[in-house]
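> With our numbering, the residue at position 24 of the sequence shown is 1405, and numbering never jumps. Ideal placement from N, C-alpha and C gives every residue a C-beta, glycine not left out. All values reported here derive from a predicted model rather than from experimental measurement. Here's a structure for you.
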Amino acid sequence: ENRRRQDDIARRRREDSISAARKIWADALPAEGTVVRDYLTLRGIDPGRLANLPVTIRFAPAARYTIPADGRPGKWDIIHTGPAMVCAVVDPAGYTTSVHRTWLDLSQPKGKLVLPDPRKPGEVLPAKKVLGSKKGASIRFLTPTGCDTMVMGEGVETSLSALIAEDPPRRTAYWCGVDLGNMAGRQQRG
């Protein structure tokens, strides 16, 4: 009975997380002509090689960066609000199940936000976060009709770098696996 209750709680939390991710995706704006394009250019994604950003990349001008609230289980504190690149992470059926967000600060050498961790003096928080359920899902930048090859990188910038290396018309699918654990699956021991 306890196991069933725990599974039900986990299922509800997962559904709430997916719903929140879908709302973030729906509220995000087209990325072209925003700081997202500037960030990707800074990271080496030449607009001359990628004239139009994939539709799986959007812009959130005021994305909230949250961390778990101390002493309040299930509650979150907003510690930063600012521009972010938002990417749709879709499951094998093509449904958005999570969002990958990168908070931006073009004054930094790599263009990503450097956010001090208020809980750990001297440490910084990651500029990238995923919300929702990413298991088995990916960010699909390009999947041409009839393609027979796929290139998948771990990160957004890595995958886009591979995409711009192929001359148009592009015949290969280019996806992002979000992180190595998601690409590899559960560790097998033996």
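Label valine 1495 either buried or exposed according to how many other C-beta atoms from any shown protein chain fall within 10 Å of its C-beta, with 16 as the threshold for buried.
exposed
> Look up glycine 1534 in the DSSP assignment and say whether it is helix, strand or coil.
Strand, per DSSP.
> If we count the other Cβ atoms within 10 Å of its Cβ and call it buried at 16 or more, is alanine 1546 buried or exposed?
The residue in question, alanine 1546, is exposed, as its Cβ has fewer than 16 Cβ neighbours within 10 Å.
> Could you spell out the range, first to last residue, of the beta strand (DSSP E) harbouring arginine 1384?
Premise fails: arginine 1384 lies in the alpha helix (DSSP H), 1383-1408, not in any beta strand (DSSP E).
> With distance defined between alpha-carbon atoms, name the residue in Pro1502, Val1416, Arg1386, Asp1388 nearest to isoleucine 1438.
Isoleucine 1438 has its Cα closest to that of Val1416, out of Pro1502, Val1416, Arg1386, Asp1388.
> Among Ala1554, Gly1536, Pro1549, Ala1444, which has the Cα closest to the Cα of arginine 1424?
Gly1536
> Inspect the beta-carbon positions of alanine 1412 and alanine 1441 and report whether they are closer than 7 Å.
no
> Counting along the chain, where does the beta strand (DSSP E) carrying arginine 1418 start and finish?
Arginine 1418 -> not in any beta strand (DSSP E); alpha helix (DSSP H) instead, spanning 1416-1423.
> Assuming the contact rule is C-beta atoms closer than 8 Å, tyrosine 1420 and glycine 1492 should be a hit. Round their C-beta distance to whole Å, please.
4 Å
> According to the neighbour-count rule (16 or more other Cβ atoms, all chains shown, within 10 Å of its Cβ), is glutamate 1538 buried or exposed?
buried
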